[in-house]
Amino acid sequence: MAAKLGRYDADALVASADYRRAVTRADPMMFALVYLPHHIRSEDTGFTISFSQFHLDLFEQAKQWMKPLGGPRESRDCYVAPRNAGKSTLAFLLLPMWAAAHGWVRYLAAFADSATQAESHLMSFKMELDENKLLRNDFPDLCSPARRQSGVSLADSQSVVMARSGFIFEARGITSSILGMKRGDARPDMILLDDIEPKEGQYSIEQKAKRLKALIGSVFRLRITARVVITGTVTMHGSIIHDLVRMVTEPEPPETWPIHQKIRVHYYPAIITDPETGEEDSWWPEYMSFEDLSYDRHTADFKMHMMNQPVGGEGAYWTEADFRYGEPEGVVRTLLAIDPSISNRRSTQDETGLAVVGWSEIENKCVVKHVEGVKLTGTALRDRVLQLLVRFPEIRVLLVEKNQGGELWLDVFHHMPDVKVLLHSATEKKEVRIANAAQNFWQRGRVFHAKPLPAFEEQAAAYPRVTKDDLIDAAVAGVSYFLAPVKKVKSSVRVQSYL
1 MAAKLGRYDA
11 DALVASADYR
21 RAVTRADPMM
31 FALVYLPHHI
41 RSEDTGFTIS
51 FSQFHLDLFE
61 QAKQWMKPLG
71 GPRESRDCYV
81 APRNAGKSTL
91 AFLLLPMWAA
101 AHGWVRYLAA
111 FADSATQAES
121 HLMSFKMELD
131 ENKLLRNDFP
141 DLCSPARRQS
151 GVSLADSQSV
161 VMARSGFIFE
171 ARGITSSILG
181 MKRGDARPDM
191 ILLDDIEPKE
201 GQYSIEQKAK
211 RLKALIGSVF
221 RLRITARVVI
231 TGTVTMHGSI
241 IHDLVRMVTE
251 PEPPETWPIH
261 QKIRVHYYPA
271 IITDPETGEE
281 DSWWPEYMSF
291 EDLSYDRHTA
301 DFKMHMMNQP
311 VGGEGAYWTE
321 ADFRYGEPEG
331 VVRTLLAIDP
341 SISNRRSTQD
351 ETGLAVVGWS
361 EIENKCVVKH
371 VEGVKLTGTA
381 LRDRVLQLLV
391 RFPEIRVLLV
401 EKNQGGELWL
411 DVFHHMPDVK
421 VLLHSATEKK
431 EVRIANAAQN
441 FWQRGRVFHA
451 KPLPAFEEQA
461 AAYPRVTKDD
471 LIDAAVAGVS
481 YFLAPVKKVK
491 SSVRVQSYL
């Protein structure tokens, strides 16, 4: 931040209102640094100013507000970040204040879970208008209320700000009566929605349906060309924000409404992974280190509120308690289990499941190191497998389920470096195989996860009420290869090697 401020004339920043207005006009971050620095410092960051990628992206996105409105549903974005990310400060204060001060937004409609919550945020906005001396000096029309000819304020309530500049800021609860919201002939040109869902214990799927109906049927219809920015954190499995997260985390999202509403989703997990190296780090190190994040990463609260990937609780095979983290002593063998997709058609729900599984001879236990689902076949699948072999050089076996593709998989995975290809055929019913693995291996503490595996754990915890089970198939195949009794392996799996 010092480098950014260093690009400007420090004396002019102190002495000249014209200079301050000029350097902040097209730069919302600079506006926050100049006029509202007390809102971007906190005890959690040692009272220093720092930003995560989430903050940087939202500041950058706000610059689009300077452009004229586009067509219907053209500008709708959702930003999902961990709890305590400063979402409300950005969405209800910093960005609206910048846009209002420089006239980029004329009528802003903002929504929260409840009217009380929305009005509380608006109160912070009003306090700055009333008490921020620098803001009042540089933007007097924004900081003064609009008045009738009689001198009476046009709007004097907890839910509305109407400024002499013409700016209107209206804050409501998401389920409030809002149809036809307008002031004179003005309708909102900007719609902000922050944390529009209640906590899990106060929420249900039925309530989610009603809230989604209000969002699509009332809020979005206030003005179909209005810019829409949604910020939030997941509060329940299957919630509105969870639907939006799954647009990013799953190749085939289970809900279609975000697609129809043309919402672009920007997802920021608390623990980020380098896609090339697999190394992990904190999403905002100045706020919380990777070590501190890792301490709680196995908990349901962390998965829900920090990763925004809650574990489903409606399945019949696994519970969250079955997922243990760590690694058994003396892992000596590692394989990559591959559960090929049934079809390569774009319409199919199936993916190819890939699971890296290690085995400890000392403890006779397994560790699942990595699980992913890909919509790849043929050469593209081979290339992805080669990438995993580089990332996990300890892999010595490719265990391929041959029910789909048969011996052709030997052609796909020919001449793989330093690995043996084993084909196996599963003869037991899928439900039986999965039940055996869940009960005999995971629930008895014979399987560890090297780290939280959100996609697999969510799928497993919800099974069989899932649309896809490819991650489960791959992980179960890898674990069963090492831990299943010898007789069971011989009777249910035919193995063939290829060098």
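Numbering (the working numbering), first residue to last: 1 to 499.
All C-beta atoms in this analysis are idealised placements derived from N, C-alpha and C, irrespective of residue type, glycine included.
Remember, it's a predicted structure, so these values are computed and weren't measured experimentally.
**Request:** Count the C-beta pairs between the segment 86-99 and the segment 118-132 that are closer than 8 angstroms, then say yes if the count reaches three, no if not.
**Result:** yes
**Item:** Spatial distance of Ser114 from Pro417 (CA atoms)
**Value:** Rounded to the nearest angstrom, the gap between the Cα atoms of Ser114 and Pro417 is 58 angstroms.
**Request:** Please say whether Asp189 and Ser165 have beta carbons closer to each other than 8 angstroms?
**Result:** No.
**Request:** Drop a sphere of 10 angstroms on the beta-carbon of Gln64, count the other beta-carbons inside from all chains shown, and report buried for 16 or more, exposed for fewer.
**Result:** exposed
**Residue ranges of each alpha helix (DSSP H) within the segment 38-108, 4 or longer** = 53-62, 95-101
**Message:** Let me confirm a value: Tyr481 is counted as buried when at least 16 other C-beta atoms fall within 10 Å, else exposed. Which label applies?
**Reply:** buried
**Message:** Give the list of continuous alpha helix (DSSP H) stretches no shorter than 4 residues that lie fully inside the segment 371-458.
**Reply:** Listed in chain order, they are 378-391, 408-412, 430-437.
**Message:** Quick check on Asn137: buried or exposed, where buried means 16 or more other Cβ atoms within 10 Å of its Cβ?
**Reply:** exposed
**Message:** For Gly232, tell me which candidate among Ser176, Ala81, Gly373 has the shortest Cα-Cα distance.
**Reply:** Ala81
**Request:** Alpha carbon to alpha carbon, how far is Phe323 from Phe448? Give it in angstroms, no decimals.
**Result:** 7 angstroms
**Asked** Terminal residues of the continuous alpha helix (DSSP H) containing Glu131?
**Response** 115-131
**Asked** Any idea if Arg227 is buried or exposed, counting beta-carbon neighbours within 10 angstroms, 16 or more meaning buried?
**Response** buried
**Nearest to Val234 (by Cα), restricted to the options Tyr267, Ile224, Glu252, Lys210** = Tyr267
**Request:** Figure out for me which residue from Thr225, Ser289, Leu193 has the closest Cα to the Cα of Ala214.
**Result:** Leu193
**Request:** Return the Cβ separation of Gln53 and Asp77 in integer angstroms, given the expectation that the two are a contact with Cβ distance under 8 angstroms.
**Result:** No, Gln53 and Asp77 are not in contact; Cβ-Cβ is about 15 angstroms, not under 8 angstroms.
**Prompt:** Which partner residues does Ala10 have in the DSSP bridge list?
**Reply:** For Ala10, DSSP records no beta bridge to any residue.
**Message:** Please report the distance separating the alpha-carbon of Asp301 from that of Pro310.
**Reply:** 8 angstroms
**Message:** For a quick check, are the C-beta atoms of Leu108 and Phe169 less than 8 angstroms apart?
**Reply:** With a cutoff of 8 angstroms on beta-carbon distance, Leu108 and Phe169 are scored as near each other.
**Asked** If we ignore side chains and look at the alpha-carbon of each, how far apart do Ser16 and Glu131 end up?
**Response** 20 angstroms
**Asked** So, are the CB atoms of Arg106 and Ala12 less than 8 angstroms apart?
**Response** Not a contact, by the Cβ cut-off of 8 angstroms.
**Request:** Check whether the Cβ atoms of Phe585 and Val371 lie closer than 8 angstroms to each other.
**Result:** For residue 585 there is no data in the structure shown, the boundaries of the chain being 1 and 499.
**Prompt:** Which residue spans inside the segment 218-271 form an unbroken beta strand (DSSP E) run of at least 3?
**Reply:** 227-232, 264-267
**Asked** Of the choices Ser176, Thr225, Asp350, Ala99, whose alpha-carbon is the least far from that of Ser75?
**Response** Thr225
**Message:** Using a Cβ distance threshold of 8 angstroms, determine whether the segment 191-207 contacts the segment 31-40, with at least three qualifying pairs required.
**Reply:** By the criterion of at least three beta-carbon pairs nearer than 8 angstroms, the segment 191-207 is not in contact with the segment 31-40.
**Asked** Hey, would you say Pro388 sits closer than 8 angstroms to Val356, going by beta carbons?
**Response** One point to set straight first is that residue 388 is Leu, not Pro, in the sequence displayed. Contact annotation: Leu388 and Val356 have beta-carbon atoms nearer than 8 angstroms.
**Message:** On the criterion of 16 or more Cβ atoms from any shown chain inside 10 Å, does Thr427 qualify as buried, or is it exposed?
**Reply:** exposed
**Asked** Residues bridged to Trp284 by DSSP?
**Response** According to DSSP, Trp284 bridges with nothing at all.
**Euclidean distance between Cα positions of His102 and Arg25** = 6 angstroms
**Item:** Contact check, Val331 vs Ser360, beta carbons under 8 angstroms
**Value:** Taking 8 angstroms as the cut-off, the Cβ atoms of Val331 and Ser360 count as close.
**Prompt:** Would the beta-carbon of Leu354 fall within 8 angstroms of that of Val374?
**Reply:** Contact flag set, yes.
**Asked** Quick one: what's Cys366 bridged to in DSSP?
**Response** Trp359, Val447
**Message:** Taking the beta carbon of Asn364 as the centre, do at least 16 other beta carbons fall within 10 Å, making it buried, or is it exposed?
**Reply:** exposed
**Request:** Kindly indicate the opening and closing residues of the alpha helix (DSSP H) around Gly478.
**Result:** Element bounds for Gly478: 470-483.
**Request:** Within 10 angstroms of the Cβ of Leu134, are there 16 or more other Cβ atoms? Answer buried if so, exposed if not.
**Result:** By the neighbour-count definition (other C-beta atoms within 10 Å, threshold 16), Leu134 is an exposed residue.
**Same chain, Cβ closer than 6 angstroms to Val412, neighbours up to 5 away in sequence not counted** = Arg382
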